[in-house]
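Colleague: Below you'll find the structure I mean.
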Amino acid sequence: MKNKIIYLFTLIALTAGLSTLPSCQSGSGNKTAYHTLIVTGQNNHSWQESTPILKQILENSGLFSVDVAQTPKTGENMSQFKPDFSQYDVVVLDYVGDPWPEETRTAFEQYVSGGGGVVVYHAADNAFRNWVAYNQMIGIGGWGNRNESDGPYIRWKDGKTVRINEPGPTGNHGPQRAFQVTIREPEHPITKGLPKIWLHAKDELYQQLRGPAENLTVLATAYADTAKGGTGGNEPVLMTIRYGKGRIFHTTLGHVMGKGPFPAVECVGFIVTLQRGAEWAASGKVTQEIPDDFPQFNVTSRWPLFRPMNLDEILDQLREYKPGDNRMPEQDLTNLLRGQYNAGTFDEIEDQLLKFIIGNGSAAGKNYVCRELSLYGSENALPALHKLMTKEPDVAEMARFAYERISGEYSN
Amino acid sequence: MDHSNKVNRRKFFRQLAGATGAAIALPYIIPASALGKEGATAPSDRIVMGVIGAGSMGTGDMRTFMGKPEVQMVAACDVDKSHREKAKSIIDANYEKSDARIYNDYREFLTNEKLDAVILALPDQWHGIIYIACANAGLDIYGQKPLARTIWEGQQIVDAVQKNNIVWQTGSWQRSVAQFHHAAELVINNRIGKVTHVEVGLPNGTPSQVHNPVQPVPEGLDWDMWLGPAPASPYRGVCHWNWRWILDYSGGQLTDWAGHHIDIAHWGLGLDRTGPVEIEGKGVYPREGLYDVPVEYFITSRYATGVEMTIANARRLEHGMGVCWYGDKGWIHVNRSGIWASDDKILAEKIGDDETKLYYSRDHAQNFLDCIRTRKETITPVDIAHRSISGGLLGEIAMLTGRKLKWDPDKQIFPDDPLANRLLRRPFRSPWKLKGN
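Order-wise, the sequence lines are chains A and B.
At position 217 of the first sequence (counting the first as 1) the number is 217 in this note's numbering, and the numbers step up by one without a gap.
Offset between the second sequence (1-based) and this note's numbering: plus 412.
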């Protein structure tokens, strides 16, 4: 299944039309969608992987129609790279590389200062050390020979954002790992309603970023544990910056390198904060609900398809499910069925579940579906369950479990 | 050792209590000549005890009771060889002997041992079957909370314990601690006025998530017997202690702690023999990893008196862990660290002789032993334990269904939600059954 997912995105990457032309609207069909441009084409990361993922994530919210502007390759002539930023509500930066033409830089500055939205994604804060306005937009950045002359370190300490003016390296990270993100501005539209602390899936934790940090608000930080190559400080991971009338959302999260899977961008926390941050950058407000399966303080949560799975996709995974596998499809099925039942639409999908349990899936997958049927199944489920009780020893006990709960006739 | 004398003695106590009323104090019916040297209880008059489930809680309880001179601990039962051998070494060391007997199967333990009382400290999926088997065997029971994994099993345990006239003490020991007793007594005597709302803060979520693969069962662990009536599951390195993070065996911190703080909240409200009439709740369940109990939970219950109870993981409540009753004249908050009130004067209040006095005990184990002799009710009898855990189990059902539920605390059903009623009971894995009373 995993292979299928990777294949799917490779396909999207190939067919996404990485160009300045509007894409063929694979997304929302929403007429009021925010016009969105992802700028990509050079990066010290795998932009060929990350850009289609960002596009999917934004489109999956139903709020954005996404175009992609791809620069020439490193060292090639950049003079004709002139996206018309003014057509867009929000520009997403997935670019680290050669300088843009001056005309393009000026157009971008005018777009942002005039009220445009920007999302700074992960290594985009490594770009353009020498472009003053760009560094004002990203607030803080790293690498590219940045040092104390570029501005202070920004950290969270004693309940507030602090600026630390001291020399030292700029931009680095310990080994990749899952780490906790702590919300520092719980009333900001982007973070309102999120768990105060949530466990982000395996990612790089950027630290020692510095920059002008003007009009910068730290929304969330992560503790960079010294035992794991960290500074021992609370490093900003989600920020907003104002530049003129423009709104910028900066996430340092989302490392994508090499071949997938990429837990950092599958993380529901990354996806949801990116969607909310992009909406805020585009409009100044956030209308999206927070999903029930947002990660919690000690539990990661990923969407391998960058959105919740539908029933067919969940059952596909359960068909191959074995004891010891990640329980994610189980919990997804539970959530989906509860939602369907409480919406009064369980009847419409019960047949699919019954077909599944008498089909050729794994015993563990069938057992889980039987367990769910014990809660939601109708009398229509009894014949299929009875068949399992007599014909499939590996599923018989859980089929009886469901049969007894549905019929109310308990043998013990 | 002649066990039949012990049984006869125990029956004698019971008959005596039944014939003359429970008010007779013990020292008057034990001749002084029966006492051993230096005031210690003579071996023949000791309360003979054993333990089923000899893990950390079981051996802890065992040590507590062995610290009482009137107890003779003689046997331990555990499905893990290392547990039962450790239990034997603890018992033998205590008595400087080597005759403690150990068992893997509780049925052999019950057949072979002639006990007065038993400590039960088992994972929750086993509570129904073993608690009832012990009650039917006529043993007085010190049973660990929560009473049962489901409300239906709890009802069956209550029936069996009551029908067999078993003296039952729940491991809800907070009732035997001064600050909880004081807090509950202040509340029930209206020192904060009419209580409108009570917050019950329980520990947060679960420990770090694990992703263990299927692996060989450790030598000496009878995994099939450990699972017992729970659904079959391959061994994944989670057994002792950490079973409480898996829904097949436990409801997590919510049900682990319901028997402590919901129990105390009910006590102060005078509602410990009933239940809510309406429950709703929202839980956050982990999507990844082996542990599947909620990592966040927030439950609101309403009682027939109009009082509302919020049960949540501590970080989501103003006062955190413990119980905080809010009345129209102030609030009282209590937990294991202390007792607090909106005004310190409330805490200095004395309860007058004409006011409601709550059951007094300052030694939970001793209270059980005293009641074994007097045949009186303990400070945490079985039906109260059932109502304490029901508060948590109803919240679990509300979270699992995602619906606002109406509950009939007398009939113990959801009157208008047949699917929620399915969650009151779990079928057992074959061949396990609850033995009828």
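Idealized CB from N, CA, C, for every residue including glycine.
Small disclaimer: the values here were computed from a predicted structure and weren't measured.
Which partner residues does Trp737 of chain B have in the DSSP bridge list?
Modeller: B:Val610, B:Ile744
Colleague: Does DSSP classify Phe64 of chain A as helix, strand or coil?
Modeller: Assignment of Phe64 of chain A by DSSP, reduced to helix, strand and coil, places it in the strand class.
Colleague: Whose CA, out of B:Val530, B:Trp580, B:Trp538, B:Lys509, lies closest to the CA of Val794 of chain B?
Modeller: B:Trp580
Colleague: Leaving out five residues before and five after Glu690 of chain B in sequence, what residues of the same chain have Cβ atoms less than 8 Å from its Cβ?
Modeller: Result list for Glu690 of chain B: Ser713, Arg714, Lys816, Leu817, Lys818, Trp819, in chain order.
Colleague: When we look at the beta-carbon of Tyr88 of chain A and count the other beta-carbons within 10 Å, is it buried (16 or more) or exposed?
Modeller: buried
Colleague: Measuring straight from C-alpha to C-alpha, what distance separates Asn44 of chain A and Val96 of chain A?
Modeller: 7 Å
Colleague: Buried or exposed: where does Thr853 of chain B fall if 16 or more other Cβ atoms within 10 Å of its Cβ makes it buried?
Modeller: No answer is possible for residue 853 of chain B: it lies beyond the span of chain B, which begins at 413 and ends at 849.
Colleague: I'd like the ranges of any beta strand (DSSP E) spanning at least 3 consecutive residues and lying wholly in the region 595–679 of chain B.
Modeller: 607–614
Colleague: Between Ile358 of chain A and Leu388 of chain A, what straight-line distance do the alpha-carbon atoms span, to the nearest angstrom?
Modeller: Linking Ile358 of chain A to Leu388 of chain A through their CA atoms gives a straight-line distance of about 7 Å.
Colleague: Using the beta-carbon of each residue, which ones in chain A are nearer than 7 Å to Ser842 of chain B?
Modeller: Residues of chain A passing the Cβ test: Glu397.
Colleague: Chain A partners of Leu702 of chain B, CB-CB under 8 Å?
Modeller: Those are Arg327, listed as they occur along chain A.
Colleague: Determine the burial state of Gly448 of chain B: buried for a count of at least 16 other Cβ atoms within 10 Å of its Cβ, exposed for fewer.
Modeller: Below a pLDDT of 50, predicted positions are generally treated as unreliable, and Gly448 of chain B, at 46, falls in that range; the measurement from the model is reported next regardless. Gly448 of chain B comes out exposed.
Colleague: Tell me which residues of the region 622–648 of chain B have at least one Cβ-Cβ distance to chain A shorter than 9 Å, keeping chain order.
Modeller: His623, Asn624, Pro625, Val626, Gln627, Pro641, Pro643, Ala644, Ser645, Pro646, Arg648
Colleague: Tell me which same chain residues have a C-beta within less than 6 Å of the C-beta of Lys845 of chain B, skipping the five on either side of it?
Modeller: none
Colleague: Report yes or no: is there a C-beta of chain A within less than 8 Å of the C-beta of Val707 of chain B?
Modeller: yes
Colleague: Check Tyr697 of chain B in the structure and name its three-state DSSP category.
Modeller: coil
Colleague: Where do the ends of the beta strand (DSSP E) carrying Tyr34 of chain A lie?
Modeller: 34–40
Colleague: Let's test the definition: count the other Cβ atoms within 10 Å of the Cβ of Glu187 of chain A and tell me whether it reaches 16, buried, or not, exposed.
Modeller: exposed
Colleague: Strictly below 7 Å CB to CB, what residues from chain A border Pro839 of chain B?
Modeller: From the beta-carbon of Pro839 of chain B, the residues of chain A found nearer than 7 Å are Arg400, Phe401, Glu404, Arg405, Tyr410, Asn412.
Colleague: Residues of the region 335–347 of chain A with a CB closer than 7 Å to any CB of chain B: list them in chain order, please.
Modeller: Arg338, Asn342
Colleague: Apart from the five residues on each side of it in sequence, which residues of its chain come closer than 6 Å, Cβ to Cβ, to Ile503 of chain B?
Modeller: Met485, Ala512
Colleague: Output yes if chain D places a C-beta closer than 8 Å to the C-beta of Val237 of chain A; else output no.
Modeller: Absent from the structure is chain D; the protein chains it does hold are A and B.
Colleague: Just mark Arg475 of chain B as buried or exposed, buried being the case when its beta carbon has 16 or more other beta carbons within 10 Å.
Modeller: exposed
Colleague: Please work out which residues of its chain come closer than 8 Å, Cβ to Cβ, to Arg834 of chain B, disregarding the five sequence neighbours upstream and downstream, and give them in chain order.
Modeller: none
Colleague: Using a beta-carbon distance below 8 Å, is Asp293 of chain A in contact with chain B?
Modeller: yes
Colleague: Express the C-alpha separation of Thr273 of chain A and Glu185 of chain A in angstroms, rounding to a whole number.
Modeller: 13 Å
Colleague: Whose C-beta lies closer than 7 Å to the C-beta of Lys160 of chain A among residues of the same chain, with five residues either side of it excluded?
Modeller: none
Colleague: In the DSSP assignment, what are the bridge partners of Asp473 of chain B?
Modeller: For Asp473 of chain B, which the question treats as bridged, DSSP gives no partner whatsoever.
Colleague: Report the three-state DSSP secondary structure of Pro152 of chain A (helix, strand or coil).
Modeller: coil
Colleague: Do Gly230 of chain A and Gly174 of chain A come within 8 Å of each other at the CB atom, strictly closer than that value?
Modeller: yes
Colleague: Please state whether DSSP places Met137 of chain A in a helix, a strand or coil.
Modeller: helix
Colleague: Note down, in chain order, each residue of its chain lying with its Cβ closer than 8 Å to the Cβ of Val599 of chain B, except the 5 sequence neighbours on either side.
Modeller: Val607, Gly680, Leu681, Trp737, Gly739, Ile744
Colleague: In terms of DSSP beta bridges, what is Gly462 of chain B paired with?
Modeller: B:Ala487, B:Val530
Colleague: My parser needs the alpha helix (DSSP H) runs of 4 or more residues fully inside the region 194–282 of chain A; what are they?
Modeller: List check, alpha helix (DSSP H) in window: 263–266.
Colleague: Under the DSSP definition of a beta bridge, which residues are partnered with Glu692 of chain B?
Modeller: B:Thr712
Colleague: Does the CB of Gly193 of chain A have a neighbour CB from chain B at under 8 Å?
Modeller: False, the Cβ-Cβ gap to chain B never drops below 8 Å.
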